[in-house]
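Note that our numbering has the first sequence beginning at 4, numbered continuously upward. See structure below.
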Amino acid sequence: MTNADLVAALETIARYMELLGEDGFRVIAHTRAARTIEGVNDDLVAVGKGPDAAKKLTELKGIGPAIAKKLIELSTTGKCAELELLQAQVPVGLIPLLQLQGFGPKSVHVWWKEAGVTDIASLKAAVESGKIASLPRHSQKTVDKLKAALESAAQGAGRMRLGQARRLADRVVAQLRSRAEVLHAEAAGSMRRGRDSVGDIDIIVSSSDPAATSRAFTTLPMVQSVISAGDTRASVKMVAVGGSRWEKEEAADDEHADPSAAKGAGGPTMQVDLRVVPQEHFGAAMVYFTGSKDHNIHLRQRALDMGYTVNDYGVYVEDKADDTPPHKRKGAAGRPLASKTEADIYAFLKLPYIPPEIREDRGEFELKETPRLIEVADVKAELHAHTTASDGGMSILELATAAKARGFHTIAVTDHSQSQFQARGLKPDRLRDHIAAIRSAQEQIKGITILAGSEVDILPDGRLDYDDELLAELDVVVASPHNNLTQNSVDATARLVKAASHPLVHIIGHPTGRLVLRRKGLEPDMNAVIAAAKAHGTALEINAHWMRLDLRDTHVRAAVDAGCVIAIDCDVHAESDFDNLRYGVTTARRGWVTPDVCVNTWPAEKLHGWLKKKR
DNA sequence: GCCGTTTTCGGCCCGACTGTTTTCAGTCG
Numbered sequence: 004m005t006n007a008d009l010v011a012a013l014e015t016i017a018r019y020m021e022l023l024g025e026d027g028f029r030v031i032a033h034t035r036a037a038r039t040i041e042g043v044n045d046d047l048v049a050v051g052k053g054p055d056a057a058k059k060l061t062e063l064k065g066i067g068p069a070i071a072k073k074l075i076e077l078s079t080t081g082k083c084a085e086l087e088l089l090q091a092q093v094p095v096g097l098i099p100l101l102q103l104q105g106f107g108p109k110s111v112h113v114w115w116k117e118a119g120v121t122d123i124a125s126l127k128a129a130v131e132s133g134k135i136a137s138l139p140r141h142s143q144k145t146v147d148k149l150k151a152a153l154e155s156a157a158q159g160a161g162r163m164r165l166g167q168a169r170r171l172a173d174r175v176v177a178q179l180r181s182r183a184e185v186l187h188a189e190a191a192g193s194m195r196r197g198r199d200s201v202g203d204i205d206i207i208v209s210s211s212d213p214a215a216t217s218r219a220f221t222t223l224p225m226v227q228s229v230i231s232a233g234d235t236r237a238s239v240k241m242v243a244v245g246g247s248r249w250e251k252e253e254a255a256d257d258e259h260a261d262p263s264a265a266k267g268a269g270g271p272t273m274q275v276d277l278r279v280v281p282q283e284h285f286g287a288a289m290v291y292f293t294g295s296k297d298h299n300i301h302l303r304q305r306a307l308d309m310g311y312t313v314n315d316y317g318v319y320v321e322d323k324a325d326d327t328p329p330h331k332r333k334g335a336a337g338r339p340l341a342s343k344t345e346a347d348i349y350a351f352l353k354l355p356y357i358p359p360e361i362r363e364d365r366g367e368f369e370l371k372e373t374p375r376l377i378e379v380a381d382v383k384a385e386l387h388a389h390t391t392a393s394d395g396g397m398s399i400l401e402l403a404t405a406a407k408a409r410g411f412h413t414i415a416v417t418d419h420s421q422s423q424f425q426a427r428g429l430k431p432d433r434l435r436d437h438i439a440a441i442r443s444a445q446e447q448i449k450g451i452t453i454l455a456g457s458e459v460d461i462l463p464d465g466r467l468d469y470d471d472e473l474l475a476e477l478d479v480v481v482a483s484p485h486n487n488l489t490q491n492s493v494d495a496t497a498r499l500v501k502a503a504s505h506p507l508v509h510i511i512g513h514p515t516g517r518l519v520l521r522r523k524g525l526e527p528d529m530n531a532v533i534a535a536a537k538a539h540g541t542a543l544e545i546n547a548h549w550m551r552l553d554l555r556d557t558h559v560r561a562a563v564d565a566g567c568v569i570a571i572d573c574d575v576h577a578e579s580d581f582d583n584l585r586y587g588v589t590t591a592r593r594g595w596v597t598p599d600v601c602v603n604t605w606p607a608e609k610l611h612g613w614l615k616k617k618r
């Protein structure tokens, strides 16, 4: 039983209640409590078993006495009577039906009660037999929509990783901006916030000819199918662009891969939504479609407390007597008090400008000024890179030249250690030769420092893959877990704490080994790992590859709050991997990282001094 | 089911779009 299990239990309760048609506010309450738990790093199962559990749990936002009781029951017994009662009433096969595009709990409820549908198979049968078409409010058009939704679900259209979504969004935005009538075009949504995976892409545009822009959008070459299309909004499915080493590997081994993708059509499909707004409302729309649900609710509530109301057109005076949407009111009442830029909106509500990445309702409303979060341009060193000596594609000199071209003052060569035989990990004598080769490369290039390092495996019991004598010869040691990534939480914690406490280790690389949407990785007590890292001056890495983004955002935030130092590294294998820095920085920003706590931003002297302290 | 410098009861973010309707329910973001 972990926090994730508590989240799953609350989500399941909420879904069952929806299907039964229970009070929507109870559904929302359970869902919000689940969101809260997702953002917590403390082990709530341990809290639930411990003293004063109810009191401690109800201190969390959105958790009251009733949900606290369920959490305690789950923590202590692993079961929840209410959940079991719900399970007895509702067929479990109905839950996946809630994911069908364009259909929700009310529809599923009708299918279940009126047509005997209990899962995907019986739904398909009911569609084929005409049973669905005979239900009230189910015309042929609705049935066609349902068939399309079933088709799409079968193809596994789901979430997409940040790096894949970003590339697609950049292309869409560039094509829209190239049109004469388009004044502004930006991607918003969870992708702009930098979530590690996204369920769709939102594009906000202001245009002098909305209808033409919307038409152009729905006929872009990447469009696979059009879901809906109007003058002010349109939704399509697009095919992602492929190409990286991870994607090729994925296409080969993913049994759920879309067959059309395997034929070279590109990557997975993704829903892309377009909104066209008048230019004077662009900022309001960006705020509205960027903030998380919780951020937007908080913002709205704050406005209401001040006597205003916020929608996607701007901030307006709240008028309870008039139920016309404020932007449609006549005269001065219909004019927004702030709407043009995002900064205008926040300033009007007496808030500093809040960077997109932290619009999650995790404390940003208490900020007195805009924090100076880390930016890509602050990064001046790469401390995790591979060469042809192990599994990289560049020589030492090629790597150093590429890093220098990026404006870096330092590049660390950190090839794999001996246990990584499949990645041509270096045996001790090969590593000693490699160190000599790095020293000699340094003599051939000026303007950048080449550090001799290693990405040393953290073995399952926490020991390292080289002995201390050899590690001491290296300028920088990145210690990373690569195998036994399914070991239990207690062992994982001991493993990482031991590595972070090692006097010769500078950085813990991709600490959990998770792969976004693919592998959970280790699930250690992260607070214990952070405490060990802090105590021994060891940096925790944010691996910038969009497949990893490990540490993840919530762990970064906990590490920063605890006073830990952070490294952001591209884990370079090919020159293009340097371009992934933006994703690492975005993840850092989500964790409220300022430049001073990130070792990669430090001037050469300070960085080299920090490394030498461990020698 | 949660929550409170206008509330311990009565609210809970809100508008657009779609399809099925003849005034609105459901879904989405």
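All C-beta atoms in this analysis are idealised placements derived from N, C-alpha and C, irrespective of residue type, glycine included.
From residue i to residue j, what does the alpha carbon distance come to, in whole angstroms?
i    : j    : result
A151 : D322 : 42 Å
Q227 : T34  : 33 Å
E131 : G524 : 42 Å
A288 : N491 : 45 Å
I448 : P374 : 38 Å
L22  : V185 : 43 Å
S295 : Q104 : 21 Å
G202 : F220 : 19 Å
T272 : W595 : 32 Å
A264 : L520 : Unreliable positioning characterises A264 in this predicted model, as indicated by a pLDDT of 37, which lies under 50. The coordinate reading is nonetheless provided below. The straight-line gap from Cα to Cα measures roughly 18 Å.
R278 : G53  : 49 Å
V292 : G396 : Strictly speaking, residue 292 in this sequence is Phe, with Val absent from that position. Spanning the two alpha carbons is a distance of roughly 40 Å.
R332 : A183 : 31 Å
E544 : V416 : 16 Å
A69  : E14  : 15 Å
L614 : L462 : 23 Å
E62  : A71  : 10 Å
R170 : D580 : 14 Å
I414 : R435 : 18 Å
T80  : E41  : 21 Å
L97  : K240 : 25 Å
A7   : R38  : 11 Å
H389 : D468 : 17 Å
With DSSP as the reference, identify every bridge partner of residue i, one or two as the case may be.
i    : result
M4   : Per DSSP, none; premise fails for M4.
E62  : Looking at the DSSP assignment, E62 forms no beta bridge with any residue, so it has no partner.
E544 : A570
D553 : N546
A415 : L454
G317 : N314
I207 : E189, R278
D199 : D199 is not bridged to any residue.
T272 : V242
M163 : V201
Flag this pair as yes or no: are the beta carbons of residue i and residue j separated by less than 8 Å?
i    : j    : result
S398 : D460 : no
R592 : P224 : no
S3   : I230 : With the chain running from 4 to 618 in the structure shown, residue 3 is simply not present.
V313 : A306 : yes
V113 : L138 : yes
S504 : L477 : no
A502 : G540 : no
H387 : D234 : no
H412 : T452 : yes
R196 : R303 : no
V50  : L60  : yes
L400 : D418 : no
N530 : A497 : no
Our contact map puts residue i next to residue j with C-beta atoms below 8 Å; I'd like the distance itself, whole angstroms only.
i    : j    : result
A495 : A534 : About 15 Å; that fails the 8 Å criterion.
V208 : A188 : 5 Å
H437 : A392 : 5 Å
D297 : D364 : 4 Å
P99  : I75  : P99 to I75, Cβ: 29 Å. No contact.
D347 : H576 : Between H576 and D347 the Cβ distance is about 44 Å, and since that is not below 8 Å, they are no contact.
E345 : V290 : 5 Å
_So, does the segment 482-489 touch the segment 430-449, judging by three or more C-beta pairs under 8 Å?_
The segment 482-489 vs the segment 430-449: no contact.
*Is there contact between the segment 538-550 and the segment 162-175, where contact requires at least three CB pairs shorter than 8 Å?*
Touching, yes, given that three or more Cβ pairs across the two stretches are closer than 8 Å.
*Should the segment 556-575 be regarded as contacting the segment 338-353, the criterion being three or more beta carbon pairs within less than 8 Å?*
No: the two stretches stay apart, fewer than three of their Cβ pairs being nearer than 8 Å.
*Given 8 Å as the limit, is there contact between the segment 379-393 and the segment 572-588, that is, 3 or more CB pairs closer than that?*
With three or more CB-CB distances shorter than 8 Å, the segment 379-393 counts as touching the segment 572-588.
*Quick check: the segment 80-92 against the segment 8-22, are there 3 or more CB pairs under 8 Å?*
Taking 8 Å as the limit for Cβ pairs, the verdict is that the segment 8-22 does touch the segment 80-92.
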